[in-house]
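A.B. asks: Structure provided below as structure tokens; questions to follow.
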Amino acid sequence: MTIVVCSCGATDGLEQLLDSIDQAIRSSFTTGIATHIDVLVVRDGPVEGVEKYLVEREREFPTAVEVREISPRGIAATRNHGISTATGEVVWLLDERTVVTSDALDRHRSHDRAAGQILIGPCALPSADPEAFDADWWYDLRDRRLAESRFIRDPRDCVFGNASGPTEVLRSFPFDDGFRRVEMADLEVGVRMLDAGVVIEFDASAAVRTVTGASSDDRWRVMHQQGADRVRFLARHPDQPEVVFHTGPGATERGLRRFVGRRRSGLLGLVLRPTARGLAWTATSPPGRRGAPTLTRFAELCALYAGVVEASDTTADARRLVRSSMATSLTAASIPRSRIARWWQENIADRVRAAILPLRIHHVHGPRAIERDPDDLLAITTVRNGEFYLPSFFDHHRRLGIAHFLFLDNGSTDGTIEFLRAQDDVSVFRTSVPYRTHENLMKRYMVRKHSHRKWNVFLDVDELFDYPQSDRLDVRGLLGYLAHHGYTAVVVQMLDMFSAEPLARTPSEPSDLGSIFPYFDITDISKRPYEFDLRPDSTLQSHHGGIRRSVFGSENLLTKAALIFVDDEIETFVAWHHVRKARIADISCVLLHYPFNRAFYEKAEEAVRSGRYGLGASHEYRAYWSVLADDLDLSLHRASAQRYVGVDQLVDLGFVHVSAAYREWVTDHLSTARIGPSGSQ
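Quick note: the sequence shown uses the working numbering, first residue 114, plus one each step.
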């Protein structure tokens, strides 16, 4: 193996890296793993300092170290030179901003190249992903996601500052040293490798530590270089603009793209760069420090598109390519709210609505103040025309042991209110506020008012809640486990249920949901680490897609934090379905979800027409309606569908997570087995 160290900066970080290589090789020689390892240092600047360092340690370094100087052309050129002159059959590429360990060396050295020719380990160097954040938590999430999937399929995950591969393979994919930033050079090589069928494997045990503070580049200058790099990338891959440009630009970025896409945008380039410099200076000066994040973001955008304009002005072909890419991105991209609109919504409009909301909620039936013991569970539901689901909803959750039900009706016109008034263990309130603008406000208000310092599960009327081993442990036992370990929130996974019959042939009258809709399909579910669980040892995951992806092309999130203990710290309904400042449990539960009946046609059409569900959900319902409108006999049943028999089945399938501590608790706190709903335990 040849370890190629690529160096373009000061020698302080390089000496630290060489010290760590020294220790790693010594450890590997001791264990008998390392053989025939040589080190090649390639610098695009003076080598005197490195040579002096090596002379001082000549008798100490355990293997041959060669230093080569090339003309100053950047880190991509140093990598190419190192790969082309390496003598080992395998090359391990290292950036000088890293520090290695013996475990990383052993992992790269012993990797089975038949499984994956290229091995990439965790390395928190800047990513070329336009949606990336240069923050530790972003890299932690990326590494956890890649560790789960094992193989890299998205070129934006390729960082060659800690990568190894057969020398001949790496020589076949040289880095383009015309890029100004190595992040884009890494991305471009990743695109070519994946397109050519090269298998790139990721392994968390091959991690290296990144030296912080190694780069002193101003952020706005970096973004200017990236803007030019993105034009160069488009020149090589004109069919992939979404790889290097954010797919959901905000209002400011959309405006910049419109200007850049015009024929005469040279003047814009002259204005953007000094504007970026001025905004960056203001962000670090006393008058602007309070708004530094916003100013910095605007500075980055101005610098980025200044680089795009300047690079596209080099040739007529580049100008045409950029105009085409900008036009395509504006046509395809979703339009999120601008930062100003979000600030207004969160700090002004929502606060006014929250203050007025109690005056617009009226009591209809049942106790106004719900008295219950600390280990009683309250189910809270917002509902509109849910009569079809109510019989199964109550049968299931009463058997589960839920103590009381709280409904907030938002304009039902069927028999929902009449049905609820006939129930003794139900409190009903009603409001006419628009769901689109008050969804989270309504939920937060009901939870805070009726469940402070107690447990509640927030459900939609077409959802049935269940948890692992619920046939052996009652709901009080579940809450006892959570309280014993100090947890204040539980993640639940939504499982879409459907019938073997087409949607239009399912019953229109209330019926047993478990027997009419007994099937599920999880073959098209993708998983990633659950980003709201900040425990370093967390194994919880968020689920995406599923049968809705297979049929409708929807990338909807299937994970919620629905079971919560409302203490004084927890923030509820963050990003609609999640919580912050919660102690999230080491298990997950399930919501059996039954939306796919004959009324789903009407619901999707009404949602698209009225925009009732807000920006994100309205986009999802448009995807549903684009399929439903053309197929009046649609069925979700596929050959991969399975019949549901109980939560333990989902545990065996890896859909629901159970910890060893929870299994022990169930064994020690067995309760009378309950009789489950039809189609479950």
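For each residue, glycine too, the CB sits at the ideal point set by N, CA and C. Quick caveat, the model's predicted, so the values are computed rather than measured.
Which two residues bound the contiguous alpha helix (DSSP H) that contains T780?
C.D. replies: Sequence index remark: in the sequence shown, residue 780 carries index 667 (1-based). 773–781 is the span of the alpha helix (DSSP H), which, as asked, contains T780.
A.B. asks: Across which residues does DSSP place Q78 in a beta bridge pair?
C.D. replies: No information on residue 78 is available, as it lies outside the stretch 114 to 794 that the chain covers here.
A.B. asks: Take the Cβ of T672 as the centre, count every other Cβ of all protein chains shown within 10 Å, and call the residue buried at 16 or more, exposed below.
C.D. replies: Here residue 672 refers to the residue found at position 559 of the sequence shown. T672 comes out buried.
A.B. asks: Which same chain residues, not among the five before or five after A177, have their C-beta less than 6 Å away from its C-beta?
C.D. replies: Counting from one through the sequence shown, the residue named residue 177 turns up at place 64. Result list for A177: D151, in chain order.
A.B. asks: Near S772, what residues of its chain come up, given a Cβ to Cβ distance below 6 Å and the 5 sequence neighbours on each side ignored?
C.D. replies: Here residue 772 refers to the residue found at position 659 when the sequence shown is read from its first residue. Around S772: D699, I700.
A.B. asks: With a 10 Å radius around its C-beta and 16 neighbouring C-beta atoms as the bar for buried, classify K165 as buried or exposed.
C.D. replies: In the sequence shown, residue 165 corresponds to position 52, counting from 1. Per the 10 Å Cβ criterion, exposed.
A.B. asks: Can you name, in chain order, every residue of its own chain whose Cβ lies under 8 Å from the Cβ of A228, other than the five neighbours on each side?
C.D. replies: Sequence index remark: in the sequence shown, residue 228 carries index 115 (1-based). Here the set comprises V312, E314.
A.B. asks: With a cut-off of 8 Å, do at least 3 Cβ pairs link the segment 210–224 to the segment 183–195?
C.D. replies: no
A.B. asks: Rounded to whole angstroms, what's the CA-CA distance from Q129 to I116? Just pull it up for me.
C.D. replies: In the sequence shown, counting from the first residue as 1, residue 129 sits at position 16. In the sequence shown, counting from the first residue as 1, residue 116 sits at position 3. Each residue's Cα considered, the two are about 15 Å apart.
A.B. asks: Determine, using beta carbons only, whether R220 and S318 come nearer to each other than 7 Å.
C.D. replies: By 1-based counting over the sequence shown, the position of residue 220 is 107. By 1-based counting over the sequence shown, the position of residue 318 is 205. Yes; because the gap between Cβ atoms is below 7 Å, this pair is in contact.
A.B. asks: At the level of alpha carbons, what is the spacing between E261 and R557?
C.D. replies: The sequence position of residue 261 within the sequence shown is 148, counting from 1. The sequence position of residue 557 within the sequence shown is 444, counting from 1. Answer to the nearest angstrom: the Cα atoms are 34 Å apart.
A.B. asks: How big is the Cα-Cα spacing for S120 and V204?
C.D. replies: Counted from its first residue, the sequence shown places residue 120 at position 7. Counted from its first residue, the sequence shown places residue 204 at position 91. Approximately 16 Å between the Cα atoms of the pair.
A.B. asks: Using CA atoms only, rank isn't needed, just tell me which of T428, P620, E413 is closest to E500.
C.D. replies: Along the sequence shown, one-based indexing puts residue 500 at 387. It is P620.
A.B. asks: Which residues in the same chain have their Cβ closer than 7 Å to the Cβ of P279, if we skip the five residues on either side of it in sequence?
C.D. replies: On the sequence shown, position 166 is the one that residue 279 refers to. Excluding sequence neighbours, P279 sits near E202, V203, R226, Q230.
A.B. asks: So, L572 versus A674, is the Cβ gap smaller than 7 Å?
C.D. replies: As a working note, residue 572 is residue 459 in the sequence shown. As a working note, residue 674 is residue 561 in the sequence shown. No, the pair does not count as a contact, with Cβ atoms beyond the cut-off.
A.B. asks: Do D331 and R186 come within 7 Å of each other at the CB atom, strictly closer than that value?
C.D. replies: Looking up residue 186 in the sequence shown gives position 73. Looking up residue 331 in the sequence shown gives position 218. No, the Cβ-Cβ distance between R186 and D331 is not below 7 Å.
A.B. asks: What's the gap between the Cα of A736 and the Cα of F665?
C.D. replies: Reading the sequence shown from its first residue, position 623 is the one you call residue 736. Reading the sequence shown from its first residue, position 552 is the one you call residue 665. If I take the Cα positions, the gap works out to 6 Å.
A.B. asks: Spatial neighbours of F286 within its chain, please: C-beta separation below 6 Å, excluding the five flanking residues on both sides.
C.D. replies: Reading the sequence shown from its first residue, position 173 is the one you call residue 286. Cβ within range, chain order: V302, R305, M306.
A.B. asks: Mind pulling the beta strand (DSSP E) runs of 3 or more residues that sit fully within the segment 299–341?
C.D. replies: Within the segment 299–341, complete beta strand (DSSP E) segments of at least 3 residues are found at 313–315, given in chain order.
A.B. asks: What are the partner residues of N569, as DSSP defines its beta bridges?
C.D. replies: Sequence index remark: in the sequence shown, residue 569 carries index 456 (1-based). According to DSSP, N569 bridges with L491, I677.
A.B. asks: Let's see if you can read the secondary structure: which residues bound the beta strand (DSSP E) around I700?
C.D. replies: Here residue 700 is taken as the residue at index 587 of the sequence shown, counted from 1. Note, I700: beta strand (DSSP E), 697–706.
A.B. asks: Please state the DSSP three-state secondary structure of H598.
C.D. replies: Locating residue 598 in the sequence shown gives position 485, where the first residue counts as 1. If DSSP states are grouped into helix, strand and coil, H598 belongs with coil.
A.B. asks: Looking only at its chain, what residues have a beta carbon closer than 6 Å to the beta carbon of S796, apart from the 5 residues adjacent to it on each side?
C.D. replies: Past the edges of the chain, shown from 114 to 794, lies residue 796, and the structure says nothing about it.
A.B. asks: By the 10 Å Cβ neighbour count, where 16 or more other Cβ atoms means buried, how is T323 classified, buried or exposed?
C.D. replies: Translated into positions along the sequence shown, residue 323 becomes position 210. Buried, since its Cβ has 16 or more Cβ neighbours within 10 Å.
A.B. asks: Please name the residue in M114, F532, A364, D157 whose C-alpha comes closest to that of S842.
C.D. replies: Any answer about residue 842 is impossible in this case: the structure gives the chain only from 114 up to 794.
A.B. asks: Under the three-state reduction of DSSP, which class applies to M610: helix, strand or coil?
C.D. replies: Mapped onto the sequence shown, residue 610 falls at position 497. DSSP places M610 in coil when its eight states are reduced to three.
A.B. asks: Excluding sequence positions up to five away, which residues of its chain have a Cβ less than 8 Å from the Cβ of A199?
C.D. replies: As a working note, residue 199 is residue 86 in the sequence shown. T115, V117, L153, T280.
A.B. asks: On the DSSP letters alone, give me the boundaries of the beta strand (DSSP E) that F542 sits inside.
C.D. replies: As a position in the sequence shown, residue 542 is number 429, starting the count at 1. 539–544 is the extent of the beta strand (DSSP E) around F542.
A.B. asks: If distances are taken between C-alpha atoms only, which option among S141, L676, E718 comes closest to S564?
C.D. replies: Mapped onto the sequence shown, residue 564 falls at position 451. For the residues S141, L676, E718, the minimum Cα distance to S564 belongs to L676.
A.B. asks: Where Q654 and T365 are concerned, what is the direct C-alpha to C-alpha distance, given to the nearest angstrom?
C.D. replies: Position 541 of the sequence shown holds residue 654. Position 252 of the sequence shown holds residue 365. Going from the Cα of Q654 to the Cα of T365 covers about 33 Å.
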